[in-house]
Amino acid sequence: MKNIIPVLFTLLLLSPAVKAQKEGLNAIDTIDLKAYMTFFASDELEGREMGTEANLTAALYIKTSLMRLGLKPDPATNDFFQWIPLTSHYLDPENSFLRISGTGNDPLFSTDSLVYILKPADMTPVKGELVFAGYGFEDTISGYNDLAGIDLEGKVVLFMTENPLIAGQGAASALFDFENETGKFFSIFAGQPAAILVAYNPKNTYSDAYDSGLADISGGKVGSRSITIAGEEGDTGPFPIVFVTREAADRLLAPAGFTLAEAENRILSNKKPVSQAIEGITVTISTQVVTSPLTSPNVIGIIEGSDPLLRNECVVYTAHFDHEGMNDREEAYNGADDNASGSMGLLEIAEAYMSLKKKPLRTIVFAWVNGEEKGLLGSAYYTENPPIPMENTILNINLDMIGRSKMAADTGKFMGFDLDVTMPREIMMYTRHESTELLNMVYGTAKKSGVSVIDMGEDLELGTSDHAPFWEKGVPAFFFHSGIHSDLHSIRDDVEKIDFDKMERVSKMV
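Given below as structure tokens:
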């Protein structure tokens, strides 16, 4: 890792306890937030991707800060790091390919457009004639059926996401709605295909971003990796499922005389399927996955409660500190808002608690969780291995992207999401409304902090975050979020665009 000595020296200089002690809410201020953010979202931390040295340096920064502030580590391990056992899955580009052949079995082209393998596994070459199945959609109410009249057995079946009822409407689930797409997989599985190819439908608002290279954040592009918790890789499924780019889909469909976009337009215009065998085309798919063990930490700091009875209960604050790493041009996805803002806000909150002369009645657990961008790995691991039992966990407060306010560019859609960024003194709150008393606390503290809370309920249009595993365990949670902006998961998410006054107010409220 480059420049490790200067980075560690900076880490020590910026550690929160170096500054003069201030009590309570006064310990949270924009000067500190800007200093911490300038380091944590810098190019030197190389995007903080889980499993990298840069990610470990980010974790070390948080750990040393907690040591200086005087928080306690996990009592079971006497360590601020909660190590997560992982498995890295790497698609070997030398042995992973999609090849299209004509009737003479001459390769028409070979590509690394195996953009994402669903549950990656080694796949000896699978070969079959090509069938296009439209959206792969069946609807008993309207009678629309993409699979009617086509033979799937032994074939390589290509279909696109969404369906003719919602295509082009810009649903945020466009990123990939597993719930709706799973039914398609099972319907196609029933036809005993050799393999399944999936392309994002062109009217999907995520499609362009996916094809322009943002798909590599999914971790399955040839030459990159995905990460799972060790032992939780799961079944790879009865058939290979491969996501391909629109370019690859268009080449597959070329002998039929139409592109994927033209096929979608025909379906939507005529309300009829265009499913068909693509004559003379054979598809061969091969993947080789290199797996290796890996560990990467959550960072946990604890403030013991002051009440002899209530200290056995805890409130857990969470913020993920990982981000997307580097792109192929070695440019860092610095993730200033996502989620250096939540991580450094949480560090200031921990400092504010530690500065109190009388500590809270209940125990407070601060968890900087890892691998949110890989699928909530750190928060899922925490809820299965908590330092304080989950039955004694009464609340989770999650911070994910609390540093941006609406800008001129934040209109329209991006990556399938509505660009809906809050104004400078606003914050979104996602909750299941389990407790009126808790809600009243939120609104009361928000008013004192000069923040207007927008109650989004449980409608997680934008996806989900690290509060979700707590919900799954029956723990009430509040998720605070400033909204989706046009710099999401891009090299433009930098410190210069952070609203530090907003960060201070939201951190004080929380």
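Residue numbers (our numbering): 83 to 592. By construction, the Cβ of each residue, glycine as well, lies at the ideal position given by its N, Cα and C atoms.
Checklist entry - Exposed or buried, what is Asn286 when buried is set at 16 or more other beta-carbons lying within 10 Å of its beta-carbon? => result Position 204 of the sequence shown holds residue 286. Buried, by the Cβ-count rule.
Item to check | alpha helix (DSSP H) segment containing Phe596, residue limits | outcome: The question about residue 596 has no answer here: the residues shown for the chain are numbered 83 through 592.
Item to check | 6 Å CB neighbourhood of Met42 in its chain, flanking five on each side removed | outcome: The structure shown has nothing for residue 42, since the chain only spans 83 to 592.
Checklist entry - Can you name the start and end residues of the alpha helix (DSSP H) that Ile113 belongs to? => result Along the sequence shown, one-based indexing puts residue 113 at 31. Run containing Ile113: Thr112 to Phe122, per the alpha helix (DSSP H) assignment.
Item to check | beta strand (DSSP E) segment containing Thr465, residue limits | outcome: Along the sequence shown, one-based indexing puts residue 465 at 383. No beta strand (DSSP E) contains Thr465, which is instead part of the alpha helix (DSSP H) from Leu459 to Glu466.
Next on the checklist: Taking 8 Å as the limit between beta carbons, can you name the residues of its chain near Asp161, skipping five residues before and five after?
Outcome noted: The sequence position of residue 161 within the sequence shown is 79, counting from 1. Within the same chain, Asp161 has close Cβ partners Pro155.
Item to check | DSSP three-state assignment for Asp332, whether helix, strand or coil | outcome: Your numbering for residue 332 matches position 250 in the sequence shown. Here Asp332 sits in helix by DSSP.
Next on the checklist: According to DSSP, simplified to helix, strand and coil, what is Met511?
Outcome noted: For this step, residue 511 is matched to residue 429 along the sequence shown. Residue state, collapsed to three classes: strand.
Checklist entry - Can you tell me whether DSSP reads Thr527 as helix, strand or coil? => result Start at 1 with the first residue of the sequence shown, and residue 527 comes out as number 445. In this structure, DSSP gives Thr527 a helical state, which the three-state scheme calls helix.
Checklist entry - What is the C-beta distance between Glu430 and Ser589, in whole angstroms, given that I count them as a contact (C-beta under 8 Å)? => result In the sequence shown, residue 430 corresponds to position 348, counting from 1. In the sequence shown, residue 589 corresponds to position 507, counting from 1. Yes, they are in contact, since the Cβ atoms of Glu430 and Ser589 sit about 5 Å apart, within 8 Å.
Checklist entry - Are Gly216 and Pro355 close, meaning C-beta to C-beta below 7 Å? => result By one-based count along the sequence shown, residue 216 stands at place 134. By one-based count along the sequence shown, residue 355 stands at place 273. Yes. Within cutoff.
Checklist entry - From the DSSP output, which residues share a beta bridge with His405? => result In the sequence shown, the residue the question calls residue 405 occupies position 323. His405 is bridged to Glu131.
Item to check | Nearest to Glu131 (by Cα), restricted to the options Thr146, Lys266 and Asn409 | outcome: For this step, residue 131 is matched to residue 49 along the sequence shown. When only C-alpha atoms are compared, the closest one is Asn409.
Item to check | Those runs of the alpha helix (DSSP H) which lie wholly inside the segment 356-408 and span at least 4 residues | outcome: You should have found no qualifying run.
Checklist entry - Is the number of C-beta pairs between the segment 394-406 and the segment 456-473 that are closer than 8 Å three or more? => result Yes, they touch.
Next on the checklist: Considering only their Cβ atoms, is the gap separating Asp404 from Glu455 smaller than 7 Å?
Outcome noted: Along the sequence shown, read from residue 1 onward, the residue named residue 455 stands at position 373. Along the sequence shown, read from residue 1 onward, the residue named residue 404 stands at position 322. Yes, the pair counts as a contact, with Cβ atoms nearer than the cut-off.
Item to check | Collapsed DSSP secondary structure at Tyr435 in the structure displayed | outcome: Position 353 of the sequence shown, counted from the first residue, corresponds to residue 435. Reduced to three states, the DSSP call for Tyr435 is helix.
Next on the checklist: Does the structure place the segment 476-493 close enough to the segment 556-566 that three or more beta carbon pairs sit under 8 Å?
Outcome noted: yes
Item to check | Burial state of Asp575 (16 or more Cβ within 10 Å) | outcome: Taking the first residue of the sequence shown as 1, we reach residue 575 at position 493. It is buried - the Cβ of Asp575 has at least 16 other Cβ atoms within 10 Å.
Next on the checklist: Judging by CA-CA distance, which residue of Gly362, Ala434, Phe241 and Leu391 is the nearest neighbour of Thr327?
Outcome noted: Translated into positions along the sequence shown, residue 327 becomes position 245. Per the Cα distances, Phe241.
Next on the checklist: Rounded to the nearest angstrom, what separates Glu235 and Pro337 at their Cα positions?
Outcome noted: Here residue 235 refers to the residue found at position 153 of the sequence shown. Here residue 337 refers to the residue found at position 255 of the sequence shown. Approximately 21 Å, taken between the alpha carbons.
Item to check | Closest by C-alpha distance to Glu314, when choosing among Leu335, Pro375, His571 and Leu342 | outcome: If you number the sequence shown from 1, residue 314 lands on position 232. Here the closest residue by C-alpha is Pro375.
Next on the checklist: By the DSSP assignment, the beta strand (DSSP E) with Ile278 in it spans what residues?
Outcome noted: Locating residue 278 in the sequence shown gives position 196, where the first residue counts as 1. Here the beta strand (DSSP E) through Ile278 covers Ala277 to Ala281.
Next on the checklist: For Thr606, which residues in the same chain have their Cβ closer than 7 Å to its Cβ, ignoring the five residues on either side in sequence?
Outcome noted: Since the first residue of the chain shown is 83 and the last is 592, residue 606 is not available in this structure.
Next on the checklist: So, at 6 Å on beta carbons, what are the nonlocal neighbours of Gly427 in its own chain, with the 5 sequence-adjacent residues on each side left out?
Outcome noted: Here residue 427 refers to the residue found at position 345 when the sequence shown is read from its first residue. Shown here for Gly427: same chain residues with a beta carbon closer than 6 Å to its own, the five before and five after excluded, namely Leu481, Ile484, Met585 and Ser589 in chain order.
Next on the checklist: For Arg181, report the span of its beta strand (DSSP E) as first-last.
Outcome noted: Indexing the sequence shown from 1 puts residue 181 at position 99. Unbroken beta strand (DSSP E) run through Arg181: Phe179 to Ser183.
Next on the checklist: Assuming the contact rule is C-beta atoms closer than 8 Å, Pro246 and Lys353 should be a hit. Round their C-beta distance to whole Å, please.
Outcome noted: Working through the sequence shown from its first residue, we reach residue 246 at position 164. Working through the sequence shown from its first residue, we reach residue 353 at position 271. That pair is a contact at about 7 Å.
Checklist entry - How is Tyr172 classed by DSSP in three states: helix, strand or coil? => result Position 90 of the sequence shown, counting from 1, holds the residue named residue 172. Tyr172 falls in the strand class under three-state DSSP.
Checklist entry - In terms of residue numbering, what span does the beta strand (DSSP E) encompassing Asp537 cover? => result Taking the sequence shown and counting its residues from 1, the one referred to as residue 537 is at position 455. That run of the beta strand (DSSP E) goes Ser534 to Gly539.
Checklist entry - Quick one, which of Pro322, Gly556 and Ser568 has its alpha-carbon nearest Ala491's? => result Residue mapping note: residue 491 aligns to position 409 of the sequence shown, counting from 1. It is Ser568 whose Cα lies nearest to the Cα of Ala491.
Next on the checklist: So, for Gly129: in the same chain, excluding its five sequence neighbours on each side, which residues have a beta-carbon less than 8 Å away from its beta-carbon?
Outcome noted: Position 47 of the sequence shown, counted from the first residue, corresponds to residue 129. Closer than 8 Å at Cβ, skipping near neighbours: Ala136, His405, Glu406, Gly407, Met408, Ala414, Tyr415, Asn416 and Gly417.
Item to check | Assigned exposure category for Thr159 - 16 Cβ within 10 Å defines buried | outcome: Here residue 159 corresponds to residue number 77 of the sequence shown, with the count starting at 1. Looking at its Cβ environment, which holds fewer than 16 other Cβ atoms inside 10 Å, Thr159 is exposed.
Checklist entry - So what does Pro167 bridge to, in DSSP terms? => result Looking up residue 167 in the sequence shown gives position 85. Its beta-bridge partners are Thr377.
Item to check | Neighbourhood of Leu392 by C-beta, 6 Å cutoff - its chain only, sequence neighbours within 5 removed | outcome: Looking up residue 392 in the sequence shown gives position 310. Closer than 6 Å at the Cβ level, and outside the excluded window around Leu392, lie Leu443 and Arg444.
Next on the checklist: Thr169 and Thr310 - do their beta-carbons sit closer together than 7 Å?
Outcome noted: Walking along the sequence shown from the start, residue 310 turns up at place 228. Walking along the sequence shown from the start, residue 169 turns up at place 87. In contact: Thr310 and Thr169 (Cβ atoms closer than 7 Å).
Next on the checklist: Using only the alpha-carbon positions, how far apart do Phe582 and Pro157 sit?
Outcome noted: As a first step, residue 582 is located in the sequence shown; it is residue number 500 there, counting from the start. As a first step, residue 157 is located in the sequence shown; it is residue number 75 there, counting from the start. Taking the straight line joining both Cα atoms gives about 34 Å.
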